[in-house]
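Worksheet for the structure shown next.
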Amino acid sequence: MLDLVWLIPALPLAGFLCILLFGRKLGDPGAGYFATAMVGASFLVTLGVFADMMSRTAEERSHVRTIFQWIPVGSLKVDLAFLADPLSITMCLFVTGIGTLIHLYAVGYMHGDSRFSKFFLYLNLFAFSMLILVLGSNMLVTFLGWEGVGTCSYFLIAFWHEKDSAATAGKKAFVTNRVGDWGFMMAMFFAFWAVGSLDYSVINHSVLSTSTATAIALFCFIGACGKSAQLPLYLWLPDAMEGPTPVSALIHAATMVTAGVYLMCRISPVLDIASDYAGWIIAIVGAATALFAATIAVAQNDIKKVLAYSTVSQLGYMFLAVGSGAYTAALFHMITHAFFKALLFLGAGSVIHGMHHEQDMRRMGALRKLMPITAITFIIGWLAIAGVPPFAGFWSKDEILFYAYDKSPILWLVGLVTALLTAFYMTRQVIMVFYGTARWNDAHEVHGAHGDLHADDHGNDHGNGTKPHESPWMMVTPLVVLGFLSIVGGAINLPFSHATERLLIWLEPVVVVRESDTSKLPLAIVAIVVALVGIALAVMVYAKHRVKPIEPQILADAWGYDRAVSNFMGGPGRQAFDGVAWADAHVVDGAVNGTGALVRGTAGKVRKLQTGNVRTYAAAIAAGVVLLLLWFVVVRGIL
Amino acid sequence: MIAAIATPTTTWYLLLGAVLFSIGVVGVMVRRNPLILFMCVELMLNAVNLTFVAFARRLGDIGGQSAVFFVMVVAAAEVVVGLGIVVAILRRKPNATTDDMAELKG
């Protein structure tokens with residue numbers, strides 16, 4: 017069964033090709049169900065591989081399936097090969113599992129869109145690329161998937177490209193990701209230079225010098241910063257919310273943005289021998305991002321923007337864990353986060369759908385009676401992300417905070433403040449959307465956020481006077497499944513004893529595991545108290561109206577970072593690039609053209625020697641022979 | 218005494234070869250008729266052949282004689298191709314000289 021690992025990415029690829037050829041014929045909703053079935057089948061294969069892997073001993077769980085030799089150039093040999101091991105299969109499980117649910121959800125959400133089949137075309141291509149990314153047995157195959165998901169992300173963010181902001185957001189995501197990709201490429205060059213191979217098995221098991229390991233680790237981290245939206249490259253992710261909501265849930269919450277964390281875990285043995293400061297840099301960037309994004313989320317009014325900043329913040333948590341050497345904790349949080357953040361996004365999408373494409377939370381309220389299932393599942397997601405036991409998020413977040421404390425109490429404190437803010441802004445969101453007074457019939461003056469450009473069977477009247485309604489079954493089912501997973505997801509890694517840390521035991525053969533003997537219980541209690549305080553504060557402010565909400569404009573503007581970057585890039589940055597372009601046109605091109613002109617000019621003179629007269633040539637040959645003879649006889653003295 | 222003088226030595230053959238070769242070289246450089254040019258080339262080849270044979274006999278080495286066969290074969294092939302070209306040229310331009318054939322002038 018392990019040998020069938022190639023089927024996992026092959027099925028979505030087949031789905032992609034079929035929809036490419038017959039998409040229009042399959043139509044709406046046929047293409048959607050077909051795409052869902054392909055990813056679902058991929059999930060079943062993953063389950064099979066997983067079961068097979070479970071039945072083997074820990075040493076036999078890694079298996080490389082080579083499809084063909086991709087690039088054999090000199091000493092560089094790269095195979096298109098898939099690596100099935102506990103880490104990649106764990107990733108595959110939640111990528112295909114959550115992917116299937118979101119595909120199904122999208123059938124309902126995208127119903128009536130004029131480019132319905134194209135949407136699923138991209139979604140299947142995305143699933144394929146993501147699986148290539150996690151299954152690649154060497155950095156180049158991973159990079160192939162890495163670029164693939166970036167491209168699909170671009171297509172899907174700009175899916176409604178008639179809308180200017182969506183087209184711009186797509187470009188922004190693509191360009192920002194390219195900055196990170198540079199880091200990934202540098203890491204590959206370094207790895208090849210140091211060990212002469214790009215295979216993870218070789219890189220992870222060779223004796224690298226500390227400085228080389230540090231370089232590889234930090235360049236990989238730059239790549240991860242781009243893909244996983246960390247400071248300073250986070251700014252594409254909030255804008256990516258211009259895409260359809262299922263895209264936000266699948267790509268920009270559950271799967272693609274975790275690729276950076278996955279990469280760091282994949283090369284964890286390299287990180288382990290890297291200098292201390294590499295870990296510190298990663299942990300500090302992670303903690304700073306977590307806090308930074310959480311403060312911004314407090315002041316957002318767009319239902320999806322809150323979740324976007326929350327995603328950035330949670331990814332920061334994962335990098336905090338990576339930097340603290342707790343790779344299993346990072347992966348644990350990645351999995352639970354995939355559950356509850358996908359749930360929250362899909363819930364938000366359900367609200368947007370039910371509100372006829374209204375995204376401004378100030379125009380919502382009291383939706384729990386009209387959309388009971390969405391409300392209940394959303395509340396589960398809220399409790400999970402806020403870190404209330406026994407929901408999934410509590411266990412994973414606690415694990416990260418614990419290891420952060422082990423690294424440095426200051427990092428732990430930052431994480432704790434972030435947890436407080438997380439509980440606060442999520443409670444704020446739940447209250448604004450599902451509780452309080454109904455505000456959806458108010459006049460449209462404060463219409464800040466724009467709904468998805470999306471014509472469905474409810475018409476385009478933007479809900480003026482129409483009542484919000486619950487979503488169809490294919491949208492509600494994924495919510496219920498994800499809601500269930502958000503409750504019990506923590507069970508895969510409970511900290512009570514070593515035997516209940518199943519994820520840790522499972523990943524131990526492939527990921528570096530760090531031991532620690534700090535007591536977990538006091539920290540857990542502090543974390544619970546902090547979460548409850550955050551919730552209570554938000555209830556005081558937004559439900560009971562005891563305290564006036566503090567939402568300074570600077571937070572709503574994301575600390576002005578976005579504007580600073582665009583001002584810089586538009587001003588001095590642009591001039592610098594113009595300078596580079598000038599140098600390219602004049603210095604580089606000048607050198608090239610100069611060489612050409614020189615050769616051309618010389619040739620114009622020299623070609624006159626070619627008289628075309630046979631007798632001249634004969635004379636030249638004769639003269640040459642005589643000269644050679646003279647050389648041999650007179651100078652060399654032969655004879 | 219006369220018999221001794223009249224007995225040809227290797228040097229005679231070499232001198233004859235050198236003379237023939239020089240005539241060939243000068244011919245190629247001076248004459249303009251393509252056919253004459255051709256004959257001069259043949260003359261040079263055969264001058265070389267003569268030298269080969271002379272040395273082979275003098276040194277008792279059969280290698281020189283076998284080289285001659287190669288030269289003859291090559292010369293035959295060259296004549297076939299070369300004469301074909303010459304005939305083709307003369308058909309298009311009767312009485313053409315090599316100086317008229319300067320289309321490849323730079």
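These protein sequence lines map, in sequence, to chains P and E.
In terms of my numbering, the first sequence has 148 at position 132, counting the first letter as 1, and numbering is strictly consecutive.
In terms of my numbering, the second sequence has 291 at position 74, counting the first letter as 1, and numbering is strictly consecutive.
Positions of the beta carbon are idealized from the N, C-alpha and C atoms, including for glycine.
**Prompt:** Going by the CB atoms, is the gap between I173 (chain P) and D255 (chain P) shorter than 9 Å?
**Reply:** Position 239 of the first sequence, counted from the first residue, corresponds to residue 255 (chain P). Position 157 of the first sequence, counted from the first residue, corresponds to residue 173 (chain P). Against a cut-off of 9 Å, the Cβ pair of I173 (chain P) and D255 (chain P) comes out as a contact.
**Message:** On the CB-based measure, 16 or more other CB atoms within 10 Å of its CB, does A554 (chain P) come out buried or exposed?
**Reply:** Here residue 554 (chain P) refers to the residue found at position 538 of the first sequence. By the 10 Å Cβ count, A554 (chain P) comes out buried.
**Request:** Could you tell me which chain E residues have their CB closer than 8 Å to the CB of G628 (chain P), listed as they occur along the chain?
**Result:** Within the first sequence, residue 628 (chain P) is the residue found at index 612, counting from 1. Residues of chain E passing the Cβ test: M318, A319, E320, L321, K322 and G323.
**Prompt:** Where do the N-terminal and C-terminal ends of the alpha helix (DSSP H) with W398 (chain P) fall, by residue?
**Reply:** The residue you call residue 398 (chain P) lines up with position 382 of the first sequence. Run containing W398 (chain P): P388 to A402, per the alpha helix (DSSP H) assignment.
**Item:** Cα-Cα separation, G381 (chain P) to F308 (chain P)
**Value:** Indexing the first sequence from 1 puts residue 381 (chain P) at position 365. Indexing the first sequence from 1 puts residue 308 (chain P) at position 292. Approximately 27 Å between the Cα atoms of the pair.
**Item:** Cross-chain neighbours of L625 (chain P) in chain E, by beta carbon under 9 Å
**Value:** On the first sequence, position 609 is the one that residue 625 (chain P) refers to. In chain order: G323.
**Spatial distance of L437 (chain P) from A547 (chain P) (CA atoms)** = Counted from its first residue, the first sequence places residue 437 (chain P) at position 421. Counted from its first residue, the first sequence places residue 547 (chain P) at position 531. Straight-line Cα distance between these residues: approximately 9 Å.
**Message:** Please report whether the beta-carbon of T268 (chain E) lies at a distance below 9 Å from any beta-carbon of chain P.
**Reply:** Your numbering for residue 268 (chain E) matches position 51 in the second sequence. It does not; no Cβ of chain P falls within 9 Å.
**Prompt:** How long is the line joining the alpha carbons of Y558 (chain P) and P565 (chain P), rounded to whole angstroms?
**Reply:** Taking the first residue of the first sequence as position 1, residue 558 (chain P) is located at position 542. Taking the first residue of the first sequence as position 1, residue 565 (chain P) is located at position 549. Spanning the two alpha carbons is a distance of roughly 7 Å.
**Request:** Name the one or two DSSP bridge partners that N154 (chain P) has.
**Result:** As a first step, residue 154 (chain P) must be located in the first sequence, where it is residue number 138. P:D215, per the DSSP bridge assignment.
**Asked** So, using beta-carbon positions, are F238 (chain E) and A271 (chain E) closer together than 9 Å?
**Response** Along the second sequence, one-based indexing puts residue 238 (chain E) at 21. Along the second sequence, one-based indexing puts residue 271 (chain E) at 54. Their beta carbons are not under 9 Å apart, which means F238 (chain E) does not touch A271 (chain E) by this criterion.
**Prompt:** To the nearest angstrom, how far is it from the Cα of H369 (chain P) to the Cα of K179 (chain P)?
**Reply:** In the first sequence, counting from the first residue as 1, residue 369 (chain P) sits at position 353. In the first sequence, counting from the first residue as 1, residue 179 (chain P) sits at position 163. Roughly 18 Å between the two C-alpha positions.
**Request:** Check whether the Cβ atoms of G505 (chain P) and A400 (chain P) lie closer than 9 Å to each other.
**Result:** Locating residue 505 (chain P) in the first sequence gives position 489, counting from the first residue. Locating residue 400 (chain P) in the first sequence gives position 384, counting from the first residue. In contact: G505 (chain P) and A400 (chain P) (Cβ atoms closer than 9 Å).
**Request:** Identify, in the order they occur along the chain, each residue of the same chain with its Cβ nearer than 7 Å to the Cβ of A313 (chain P), setting aside the five sequence neighbours on each side.
**Result:** Taking the first residue of the first sequence as 1, we reach residue 313 (chain P) at position 297. Answer for A313 (chain P): V322, Y325, S326, S329 and Y441, listed in chain order.
**Asked** Taking C-beta to C-beta, are I83 (chain P) and W22 (chain P) nearer than 9 Å?
**Response** Stepping through the first sequence from its first residue, residue 83 (chain P) is reached at position 67. Stepping through the first sequence from its first residue, residue 22 (chain P) is reached at position 6. Yes, the pair counts as a contact, with Cβ atoms nearer than the cut-off.
**Request:** Closer than 7 Å by C-beta to R282 (chain P): which residues in its own chain qualify, once you throw out the five before and the five after it? Chain order, please.
**Result:** Position 266 of the first sequence, counted from the start, is the residue given in the question as residue 282 (chain P). Result list for R282 (chain P): L103 and Y216, in chain order.
**Request:** Can you give me the start and stop residues for the beta strand (DSSP E) that W86 (chain P) sits inside?
**Result:** Stepping through the first sequence from its first residue, residue 86 (chain P) is reached at position 70. H79 to V89 is the span of the beta strand (DSSP E), which, as asked, contains W86 (chain P).
**Prompt:** Are G295 (chain P) and G341 (chain P) touching if we call contact CB-CB under 9 Å?
**Reply:** Locating residue 295 (chain P) in the first sequence gives position 279, where the first residue counts as 1. Locating residue 341 (chain P) in the first sequence gives position 325, where the first residue counts as 1. Yes; because the gap between Cβ atoms is below 9 Å, this pair is in contact.
**Prompt:** Under 9 Å between C-beta atoms, does R631 (chain P) make it to chain E?
**Reply:** The sequence position of residue 631 (chain P) within the first sequence is 615, counting from 1. Closer than 9 Å: yes.
**Request:** Give the single residue among P:R384, P:E374 and P:I508 whose Cα lies nearest to the Cα of E415 (chain P).
**Result:** Against the first sequence, residue 415 (chain P) aligns to sequence position 399. Nearest option by C-alpha distance: P:I508.
**Asked** Can at least three beta-carbon pairs, one atom from the stretch 251-268 of chain P and one from the stretch 206-216 of chain P, be found at a separation below 8 Å?
**Response** no
**Asked** Using a Cβ-Cβ distance under 9 Å, would F638 (chain P) count as near chain E?
**Response** One-based indexing of the first sequence puts residue 638 (chain P) at position 622. Here residue 638 (chain P) turns out to be Ala, not Phe, going by the sequence shown. It does: the Cβ of A638 (chain P) has a partner Cβ on chain E nearer than 9 Å.
**Request:** Leaving aside the five residues before and after L117 (chain P) along the sequence, list all residues of the same chain whose C-beta is less than 7 Å from its C-beta, in chain order.
**Result:** By one-based count along the first sequence, residue 117 (chain P) stands at place 101. Cβ neighbours of L117 (chain P) beyond the five flanking positions: P494, V497 and L498.
**Message:** Taking the straight line between their C-alpha atoms, what separation do you get for C168 (chain P) and L139 (chain P)?
**Reply:** As a working note, residue 168 (chain P) is residue 152 in the first sequence. As a working note, residue 139 (chain P) is residue 123 in the first sequence. In a straight line, the C-alpha of C168 (chain P) is about 8 Å away from that of L139 (chain P).
**Prompt:** Quick one, which residues of the stretch 219-243 of chain E are near chain P if we go by CB-CB under 8 Å, in chain order?
**Reply:** V242
**Message:** In the DSSP output, which residue or residues are listed as bridge partners for V94 (chain P)?
**Reply:** Here residue 94 (chain P) refers to the residue found at position 78 of the first sequence. Answer by DSSP bridge pairing, in chain order: P:I87.
**Message:** According to DSSP, L99 (chain P) sits in a beta bridge with which residue or residues?
**Reply:** Stepping through the first sequence from its first residue, residue 99 (chain P) is reached at position 83. Paired residue(s): P:V80.
**Request:** Just the chain E side, please: which residues come within less than 7 Å of A634 (chain P) by C-beta, in chain order?
**Result:** Working through the first sequence from its first residue, we reach residue 634 (chain P) at position 618. Within chain E, the residues near A634 (chain P) are V245 and M246.
**Prompt:** R309 (chain E) CB to nearest chain P CB: under 9 Å?
**Reply:** In the second sequence, residue 309 (chain E) corresponds to position 92, counting from 1. No, because no Cβ of chain P sits closer than 9 Å to the Cβ of R309 (chain E).
**Asked** Do we get a CB-CB distance below 9 Å when we pair L252 (chain E) with the residues of chain P?
**Response** Against the second sequence, residue 252 (chain E) aligns to sequence position 35. Not closer than 9 Å to any Cβ of chain P, the Cβ of L252 (chain E) fails to qualify, so no.
**Request:** Could you name the residues of the same chain whose beta carbon sits closer than 8 Å to that of K536 (chain P), not counting the 5 residues immediately before and after it, in chain order?
**Result:** The residue given as residue 536 (chain P) occupies position 520 in the first sequence. These residues qualify, in order along the chain: D414, F418 and P511.
**Prompt:** DSSP puts D318 (chain P) in a beta bridge; with which residues?
**Reply:** Counted from its first residue, the first sequence places residue 318 (chain P) at position 302. The partner list for D318 (chain P) (beta bridge, DSSP) reads P:D376.
**Request:** Confirm, please, whether the CB-CB distance from V286 (chain P) to A659 (chain P) is below 9 Å.
**Result:** Missing from the structure shown is residue 659 (chain P); chain P here goes from 17 to 655 and no further.
**Request:** Express the C-alpha separation of M17 (chain P) and G64 (chain P) in angstroms, rounding to a whole number.
**Result:** Locating residue 64 (chain P) in the first sequence gives position 48, where the first residue counts as 1. Locating residue 17 (chain P) in the first sequence gives position 1, where the first residue counts as 1. When rounded, the distance between both Cα atoms is 7 Å.
**Asked** Which runs of the alpha helix (DSSP H), 4 residues or longer, sit entirely within the stretch 587-614 of chain P?
**Response** 588-599
**Prompt:** Nearest to A182 (chain P) by CA position, among P:T611, P:A290 and P:E258, is which residue?
**Reply:** Looking up residue 182 (chain P) in the first sequence gives position 166. Considering only alpha carbons, the answer is P:E258.
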